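Notes for the one structure printed next.
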Amino acid sequence: MDALFGTPYVIELLTPKQSDEDFEARLEVFAERYQRILDEGAVVSIPDNPMGNVHFTALEVVEFLDLPLHSERTLLHLNSFHLKNDLEAFLKGAADRKVKHLLVVSGDGGPKLPRLEPADVGIDAKTVTSTVLLQYIEREYPGVFTCGVAFNQYEPAEHELGRLERKLEAGARFIITQPVMGADAVVASLQRFGVPVFIGAWMSKRVDLLLECVGLEPRQDEQYDPAANLGQLNRLYPDFGLYLALLSFKRDWSDLLTRRLPHAAGWPPAATL
C-alpha cells in the first residue's frame, strides 16, 4: 500500500456542512486539521456528502482556504448523487489540479441530493452504481485517476465479494473496507485480489454510530477501545494500510501512527491550485 500513496495511513476529514451556521469557524478548523494530516505524513481523505448530508466540496474548500493540494496524498470521494454538470465539474477540477486518487462509491443519497441518471453516463440501466461510475471515469478520463472502491464486510460475504470482483473488472485499483473490529477472515481474504487494501479503523468509542453506518442495529459498547483496536489491526494486518475514521484531533498521534511515515511537510510536491 505504500506504493500507492507513499504512506500506510489514510485519515478521514469532513468539509463543513452547507447548513452549518458557524461555517467560517468550521472552515478554520478544517484548515488546521487538513494541514496536520499532511504534516504527519498521512493521506487526507475527504468524503462526498456522507450520510446524505450536503457538505461543501473538497475542491472548493481547499481552493477557498488556499491550502496546498498534494496530488499523491489527497483522496477525494465521489458518489452517484450528483447532477451531470456537477459530476463533470468535479472530475475536470480534480484532473486540472492533478489529483490522482478517487474513492468511487454509490453514496448514501438523501432528499436534497439528485442522483445521476443512466443516460448521463451513457448506459441503459436502472441506476448508476459505483461500478457504472467507475466505468464512466475510466472511459472519459483514461489514465488520469487511480480509482478505489469500498468493501462492506458486514454484508453477506459471497454477495459482497462478487460486487468487488465486478468493481475490479471495471477498473478499481485499491480497496478500502468498512471499519474492522479485530480479526476478520473475509477482510484477510482480500489480499488474494492483488491490489492495495486499506482496512477501516473506527477511532471513536461511539460504536453505535459505526453500526448505524453499516446498516446494523445500533448498540453501545463501553468496552471498545479505539487505540487498542488500532494496535491489534496493526499486528493482524501488517500488509494492509489503515483508514482512520473519526480520529480525535485533540490528542497526540505518536502512539497511534506507529508505522513508517514520510515526515516532511512538502512531501510529495504539492500541485498548485
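Just so we're aligned: the sequence shown equals residues 0 to 272 in numbering that gives the first Met the number 0. Ideal Cβ positions, reconstructed from N, Cα and C, are used throughout, including at glycine. In this text, all values refer to a predicted model and were calculated from it rather than measured experimentally.
Close beta carbons around residue i, own chain, < 6 angstroms, minus the five adjacent residues each side
i	result
W266	Low local confidence applies: a pLDDT of 36 at W266 is under 50, so the model's placement there is unreliable, with the coordinate-based value given in what follows. Closer than 6 angstroms at the Cβ level, and outside the excluded window around W266, lies no residue.
F197	V9, I175, G240 and Y242
A182	L235
T257	none
T271	At T271 the pLDDT is 37, less than 50, meaning the model places this residue with poor confidence and gives no usable figure here.
F248	R32
L58	G92
Whole-Å CB distance - residue i paired with residue j, under 8 angstroms assumed
i	j	result
L37	R72	6 angstroms
L101	L77	5 angstroms
V64	A30	Sequence check: residue 64 is Leu here, not Val. With a Cβ gap of about 5 angstroms, L64 and A30 count as contacting.
F55	P113	Not really, about 17 angstroms apart at Cβ, beyond 8 angstroms.
P237	W201	In fact, because the Cβ distance is near 19 angstroms, the residues do not count as touching under 8 angstroms.
F22	N48	Not really, about 16 angstroms apart at Cβ, beyond 8 angstroms.
V53	K111	5 angstroms
L66	R96	Actually they are not in contact, since the Cβ atoms of L66 and R96 sit about 11 angstroms apart, beyond 8 angstroms.
K99	S129	That belief does not hold up - the Cβ atoms of K99 and S129 are roughly 19 angstroms apart, past 8 angstroms.
V131	V120	6 angstroms
Start-to-end residues for the alpha helix (DSSP H) that takes in residue i
i	result
V186	A184 to A187
Q231	P225 to L235
G161	A156 to E168
L29	The amino acid occupying residue 29 in the given sequence is Phe; Leu does not appear at that position. Its alpha helix (DSSP H) spans residues F22 to D38.
I136	S129 to E139
F55	First-last for F55: undefined, no H or E at that position.
V206	V206 to C212
Residue range of the beta strand (DSSP E) that includes residue i
i	result
S44	V42 to I45
E8	Correcting the residue identity first, residue 8 is Tyr in this sequence and not Glu. Y8 to E11 is the extent of the beta strand (DSSP E) around Y8.
F144	Careful: F144 lies outside any beta strand (DSSP E) and carries neither H nor E.
V196	V196 to W201
L243	G240 to A244
G177	Correcting the residue identity first, residue 177 is Gln in this sequence and not Gly. First-last of the beta strand (DSSP E) with Q177: F173 to P178.
Sequence-distant residues of the same chain with beta carbon closer than 7 angstroms to residue i, five excluded per side
i	result
D123	P117
D220	V206
L246	I10 and M202
W252	E39
S105	N78, S79, T128 and S129
D19	R25
Y140	L90 and A94
Cβ neighbours of residue i in the same chain (closer than 8 angstroms, five flanking residues each side left out)
i	result
A263	In this predicted model, A263 has a pLDDT of only 42, less than 50, meaning its place in the structure is not dependable enough to derive any value.
V194	L167, A171, R172, F173 and I174
L12	F29, R32, Y33, I36, V43, S44 and I45
L229	A200, M202, L241, L243 and L255
Q152	E159, T176, Q177, V179, D183, V185 and V186
L133	V103, C146, V148, K166, A169, G170 and A171
D107	N48, P49, M50, G51, N78 and F80
Cutoff 9 angstroms: residue i Cβ touching any chain C Cβ
i	result
F150	Of the chains in the structure shown, none is chain C; there is only one protein chain.
Validate contact between the segment 216-223 and the segment 159-168 using beta carbons, cut 8 angstroms, 3 pairs: no
Segment contact, 8 angstroms Cβ cut-off, at least three pairs: the segment 147-166 with the segment 84-92: By the Cβ criterion, the segment 147-166 is not in contact with the segment 84-92, since fewer than three pairs of Cβ atoms, one from each stretch, lie closer than 8 angstroms.
Runs of alpha helix (DSSP H) wholly within the segment 71-117 (minimum 4 residues, chain order): 83-95
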